[in-house]
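Student: One structure follows; several queries about it will come next.
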Amino acid sequence: MIDLDSSPLVRRASRALLPLLLVAAASAVAVAQQGEGVRRGPHPLDPEECGIGRPVPRLEWRDLTGRPGRLGEVGALRGQLVVLTDTSCPLTGKYAPVVARLQGRCLEAGIQLLLLNTDPGEEREALLAWSELHGISAPYVHDTTGDLARALGARTTTDVFLMDAEGMLVYRGAIDDRHGLGYSRGEPEETYLEDALDALRDGVPAPVPATWAPGCVLDLSEPEGAGELTWHGRISRIVEQRCTRCHHAGGVAPFALESRSDLERRKGMVRFVVEEGLMPPWGATHRGGPFS
1 MIDLDSSPLV
11 RRASRALLPL
21 LLVAAASAVA
31 VAQQGEGVRR
41 GPHPLDPEEC
51 GIGRPVPRLE
61 WRDLTGRPGR
71 LGEVGALRGQ
81 LVVLTDTSCP
91 LTGKYAPVVA
101 RLQGRCLEAG
111 IQLLLLNTDP
121 GEEREALLAW
131 SELHGISAPY
141 VHDTTGDLAR
151 ALGARTTTDV
161 FLMDAEGMLV
171 YRGAIDDRHG
181 LGYSRGEPEE
191 TYLEDALDAL
201 RDGVPAPVPA
211 TWAPGCVLDL
221 SEPEGAGELT
231 WHGRISRIVE
241 QRCTRCHHAG
251 GVAPFALESR
261 SDLERRKGMV
271 RFVVEEGLMP
281 PWGATHRGGP
291 FS
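Letter 48 of the sequence shown, counting from 1, is numbered 48 in our numbering, and no numbers are missing.
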């Protein structure tokens, strides 16, 4: 019987394979660390800072069919649920079936369901087609100025806002934790919106009244002067060097960044992933990354 520990052949093979094994192990750790870095799920926010318990501004809206209404005004109904959407945001698409099912829940509970899209670059026909595709018949408002979303304090394209019959904000944030940045699971562990709807029905506060909703981050700030920075002067070259390898039409990234309008539509998300160190990916920049 061969003693594997003392066999010269085994020892030589082990010495030859050891560097490869170390590289493989280091690569696996780096990939795991990189993967962990992009996982973002819902988390609680400060209710007071999010306006919980305060009335929402009674701003007028008009949906894609011309039907008018106001934020926080629902007549004899028990409340209003505003759901942000974006036809090109991957997480919004993943939650579309959930929103479609919410229609029945809202109808039974006497809650008005309202969809809100803040992307000025979206076409009316595309929004109507998205609703039809997912079987959603709720009023759909194209908030091209961002006034409604800004008044609500929206932060991402998957935010939802639940108001009671008096127009008081009782919940804001994520639908649940089924999907997030960098992960998806079959069933949610936390059902924030369902819990808030149950609480509204029972006349008690939502158990978790405010959360951060993973999605494409919105930038609803008022435009400011850009000084000497212009799209053609410098910004386009930065985007071309750091982004468009993946962010082009038909590319692996979820949306294109090939023009000034593309960047303006996604400026909130771009700012978020750059500040968080999630983008550019380590292979596209000399700084950062597991092997820098």
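Think of the CB as a built atom: it goes at the ideal place given N, C-alpha and C, for glycine as much as any other residue. It should be emphasised that the depicted structure is a prediction, and the values quoted were computed from it without experimental measurement.
1) Excluding five sequence neighbours on each side, which residues of the same chain lie with their C-beta closer than 7 angstroms to the C-beta of L59?
2) Check for me: the alpha helix (DSSP H) holding P97 runs from which residue to which?
3) How many Å lie between A256 and E125 at the Cα?
4) Near Y95, which residues of its chain fall below 7 angstroms by C-beta distance, leaving aside the five closest residues on each side in sequence?
5) Hey, could you find the ends of the beta strand (DSSP E) L127 is sitting in?
6) Pick out whichever of E123, G93 and D143 has its Cα sitting closest to the Cα of R62.
7) What's the gap between the Cα of M168 and the Cα of L200?
8) Quick one: residues in its chain with C-beta nearer than 6 angstroms to the C-beta of L115, no 5 flanking neighbours on either side, listed in chain order?
9) Nearest to G182 by alpha carbon, out of D262, G51 and L91?
10) Would you give the residue range spanned by the beta strand (DSSP E) that R70 belongs to?
11) Taking the CB atoms as reference points, tell me whether R78 and G110 lie closer together than 8 angstroms.
12) Taking 8 angstroms as the threshold (C-beta atoms), are T211 and H43 in contact?
13) Can you tell me whether L127 is buried or exposed, with buried defined as 16 or more other CB within 10 angstroms of its CB?
14) How big is the Cα-Cα spacing for P207 and M163?
15) Beta-carbon within less than 7 angstroms of C50's beta-carbon, same chain only, minus the 5 sequence neighbours each way: which residues are those?
16) Taking the straight line between their C-alpha atoms, what separation do you get for P120 and T87?
17) By DSSP's criteria, H179 is part of a beta bridge. Which residues make up the other side?
18) When you compare the CB positions of V160 and L81, do they come within less than 8 angstroms of one another, or not?
19) In or out: P68 buried (at least 16 other Cβ within 10 Å) or exposed?
20) Please name the residue, chosen from E132, R54, T118 and A249, that lies closest to S221 on a Cα-to-Cα basis.
21) Report, in whole angstroms, the separation of the C-beta atoms of E166 and D177, which I expect to be a contact under 8 angstroms.
22) Using a Cβ-Cβ cut-off of 6 angstroms (strictly less than) and excluding sequence neighbours within five positions of P254, which residues of its own chain qualify?
Tutor: According to the data block:
1) R70, L71, D147, L148 and A151
2) P90 to A109
3) Taking the straight line from one Cα to the other gives about 20 angstroms.
4) T158, I175 and H179
5) Not the beta strand (DSSP E): L127 falls in the alpha helix (DSSP H), residues R124 to L133.
6) Checked all of E123, G93 and D143; the closest Cα to R62 is D143.
7) 11 angstroms
8) V83, T85, A138 and Y140
9) Per the Cα distances, L91.
10) P68 to R70
11) yes
12) yes
13) buried
14) 15 angstroms
15) G153, R172 and A210
16) 12 angstroms
17) S184
18) Taking 8 angstroms as the Cβ cut-off, V160 and L81 qualify as a contacting pair.
19) Around the beta carbon of P68, fewer than 16 other beta carbons sit within 10 angstroms, so the residue counts as exposed.
20) When C-alpha distances from S221 are compared across E132, R54, T118 and A249, the shortest belongs to T118.
21) Between D177 and E166 the Cβ distance is about 29 angstroms, and since that is not below 8 angstroms, they are no contact.
22) So the qualifying residues of the chain are P90.
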